[in-house]
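S.K.: Heads up, the sequence shown is in the numbering used here, so the first residue is 10 and it goes up one at a time. Glycine included, each C-beta is placed from N, C-alpha and C at the ideal position. Right, I'll just put the structure down here and ask away after.
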Amino acid sequence: MSTILFACVVRVRDGLTLSASTDFHPNKDFIECRKRLKILSSTLARCPDRGTAKGRDLSIHFHTCGDVTFMSICSSSFPRHHGFCFLEALRWEFRASYDSICVGLASRPYAFLEFDGTIQKVKEHFNGASCSQPKEDVQQEQLSPAPVILHLEDVAEANGVANGHIAAHLESAPSYRMQSVSALGILSLILNIMCAALNLIRGVHLAERSFQEDHEGAGNVIAFLIAFVACIMQTSFSNSVFEDRLICDCYFYNTMLLRDS
């Protein structure tokens, strides 16, 4: 039977399905064709604007217009130019309801769920009209650029899938191994935590004294607190010369102030 079985609207840049008809046929060929359509939708940015992926019993027609692509699954006996007339009718209906901003802002699949009913209505019209489309529409379609002919098997292989299995990649991802911390590393971590705690205690103690003595030790308080922050940073970022230099400068500054006092 010559019919349109399924149709959907897909965003070109990422293959996100914006709307689709609610048809499901418990047919092995149809289910396989839906999988191939899904694969094809993820590669639309590299495909021509118009094309047909032909299979033995079912074919996929697609028509890209700007940032969206209109796709359909039809029986292979369905006239190709009528299939593209159907996609053109969907395009007019879609553009009457949504603009490029709405398409770009869509963040989830089937964001335009309300358009599903329109797809169903147009599909039923084309299926029920027995392909008796207006003569001018058919002539206009025949004047359009001829669609590129693909094969459903090529669609899968072009996406790195062959016979339903993902092709193995030759390049393996780099493997990383966690190494156990040495005794010296544990000792360094403990000393850093102790120094940080000591600097915090001394800084708080000096802050209390400086408030009682007209803020004379404010410089020491700041130096100890900076040293405390540097010690904490050292526990997170190992082998950092900046933190080592900062701690030494703070200790030197405190020593000079205490000696002068």
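Give the straight-line distance between the Cα atoms of SER116 and ILE195, rounded to the nearest whole angstrom.
M.R.: For the purposes of this step, residue 116 is taken as residue 107 along the sequence shown, with counting starting at 1. For the purposes of this step, residue 195 is taken as residue 186 along the sequence shown, with counting starting at 1. Roughly 47 Å between the two C-alpha positions.
S.K.: Restricting to Cα atoms, I'd like to know which of ARG22, HIS34, PHE121 and ALA120 is closest to PHE15.
M.R.: If you number the sequence shown from 1, residue 15 lands on position 6. Selected option, being the one with the closest Cα: HIS34.
S.K.: Compute the beta-carbon to beta-carbon distance between GLY27 and PHE121, rounded to the nearest angstrom, for a pair I have assumed lies under 8 Å.
M.R.: For the purposes of this step, residue 27 is taken as residue 18 along the sequence shown, with counting starting at 1. For the purposes of this step, residue 121 is taken as residue 112 along the sequence shown, with counting starting at 1. The question names Gly, yet the displayed sequence has Leu at residue 27. Contact flag correct, Cβ pair sits at about 5 Å.
S.K.: Could you name the residues of the same chain whose beta carbon sits closer than 7 Å to that of THR73, not counting the 5 residues immediately before and after it, in chain order?
M.R.: Within the sequence shown, numbered from 1, the residue matching residue 73 stands at position 64. Excluding sequence neighbours, THR73 sits near VAL21, LEU53 and ASP58.
S.K.: Let me check understanding here. Comparing Cα to Cα, which of LEU46, LEU198, ILE231 and MET203 lies closest to HIS214?
M.R.: Taking the first residue of the sequence shown as 1, we reach residue 214 at position 205. Among LEU46, LEU198, ILE231 and MET203, the Cα nearest to that of HIS214 belongs to ILE231.
S.K.: Please name the residue, chosen from LEU114, ARG89, LEU193 and VAL77, that lies closest to GLY64 on a Cα-to-Cα basis.
M.R.: Indexing the sequence shown from 1 puts residue 64 at position 55. Ranking the options by Cα distance to GLY64, first place goes to ARG89.
S.K.: Look up ALA120 in the DSSP assignment and say whether it is helix, strand or coil.
M.R.: Numbered from 1 along the sequence shown, position 111 holds the residue referred to as residue 120. It is coil, neither helix nor strand.
S.K.: On the DSSP bridge assignment, give the partners of LEU67 in chain order.
M.R.: As a first step, residue 67 must be located in the sequence shown, where it is residue number 58. The partner list for LEU67 (beta bridge, DSSP) reads SER84.
S.K.: DSSP on THR31, reduced to helix/strand/coil?
M.R.: Numbered from 1 along the sequence shown, position 22 holds the residue referred to as residue 31. Coil, per DSSP.
S.K.: Inspect the beta-carbon positions of GLU84 and THR31 and report whether they are closer than 8 Å.
M.R.: The count along the sequence shown starts at 1 and reaches residue 84 at position 75. The count along the sequence shown starts at 1 and reaches residue 31 at position 22. A quick correction: the sequence has Ser, not Glu, at residue 84. Contact: no.
S.K.: Determine the extent of the alpha helix (DSSP H) in which ALA98 is found, giving its start and end residues.
M.R.: Start at 1 with the first residue of the sequence shown, and residue 98 comes out as number 89. Taken as a continuous stretch (DSSP letters only), the alpha helix (DSSP H) holding ALA98 covers 89 to 106.
S.K.: If you reduce the DSSP assignment to three classes, tell me which class GLY24 lands in.
M.R.: Locating residue 24 in the sequence shown gives position 15, where the first residue counts as 1. GLY24: coil per DSSP, three-state reduction.
S.K.: Would you report the Cα separation of ASN36 and ASP76, rounded to the nearest angstrom?
M.R.: Sequence index remark: in the sequence shown, residue 36 carries index 27 (1-based). Sequence index remark: in the sequence shown, residue 76 carries index 67 (1-based). Their backbone Cα atoms lie some 31 Å apart in a straight line.
S.K.: Between which two residues does the alpha helix (DSSP H) carrying LEU53 extend?
M.R.: Against the sequence shown, residue 53 aligns to sequence position 44. Neither: LEU53 is in no alpha helix (DSSP H) and is coded neither H nor E.
S.K.: Taking 8 Å as the cut-off, decide whether the C-beta atoms of PHE79 and ARG45 are in contact.
M.R.: Mapped onto the sequence shown, residue 79 falls at position 70. Mapped onto the sequence shown, residue 45 falls at position 36. Against a cut-off of 8 Å, the Cβ pair of ARG45 and PHE79 comes out as no contact.
S.K.: Is it true that the CB of TYR107 sits closer than 8 Å to the CB of ALA29?
M.R.: Here residue 29 is taken as the residue at index 20 of the sequence shown, counted from 1. Here residue 107 is taken as the residue at index 98 of the sequence shown, counted from 1. No, they are not a contact pair.
S.K.: Between the alpha carbons of ASP66 and ASN136, how many angstroms are there, rounded?
M.R.: As a working note, residue 66 is residue 57 in the sequence shown. As a working note, residue 136 is residue 127 in the sequence shown. When rounded, the distance between both Cα atoms is 17 Å.
S.K.: Quick one: what does DSSP say GLY212 is sitting in, helix, strand or coil?
M.R.: For this step, residue 212 is matched to residue 203 along the sequence shown. In this structure, GLY212 counts as helix in the three-state DSSP scheme.
S.K.: For the alpha helix (DSSP H) holding SER109, just list the boundary residues, first then last.
M.R.: Looking up residue 109 in the sequence shown gives position 100. Segment 109 to 114, the alpha helix (DSSP H) holding SER109.
S.K.: Can you tell me where the alpha helix (DSSP H) with THR127 in it begins and where it stops?
M.R.: Indexing the sequence shown from 1 puts residue 127 at position 118. Per DSSP, THR127 belongs to the alpha helix (DSSP H) from 125 to 137.
S.K.: How many whole angstroms separate the CB atoms of PHE95 and SER81, which I take to be in contact at a CB cut-off of 8 Å?
M.R.: For the purposes of this step, residue 95 is taken as residue 86 along the sequence shown, with counting starting at 1. For the purposes of this step, residue 81 is taken as residue 72 along the sequence shown, with counting starting at 1. At roughly 6 Å, the Cβ-Cβ gap stays under 8 Å, so PHE95 and SER81 are in contact.
S.K.: How is GLY194 classed by DSSP in three states: helix, strand or coil?
M.R.: Within the sequence shown, residue 194 is the residue found at index 185, counting from 1. Of the three classes helix, strand and coil, the one that applies to GLY194 here is helix, per DSSP.
S.K.: VAL238 bridges to which residues according to DSSP?
M.R.: For the purposes of this step, residue 238 is taken as the residue at position 229 of the sequence shown. DSSP lists no partner for VAL238.
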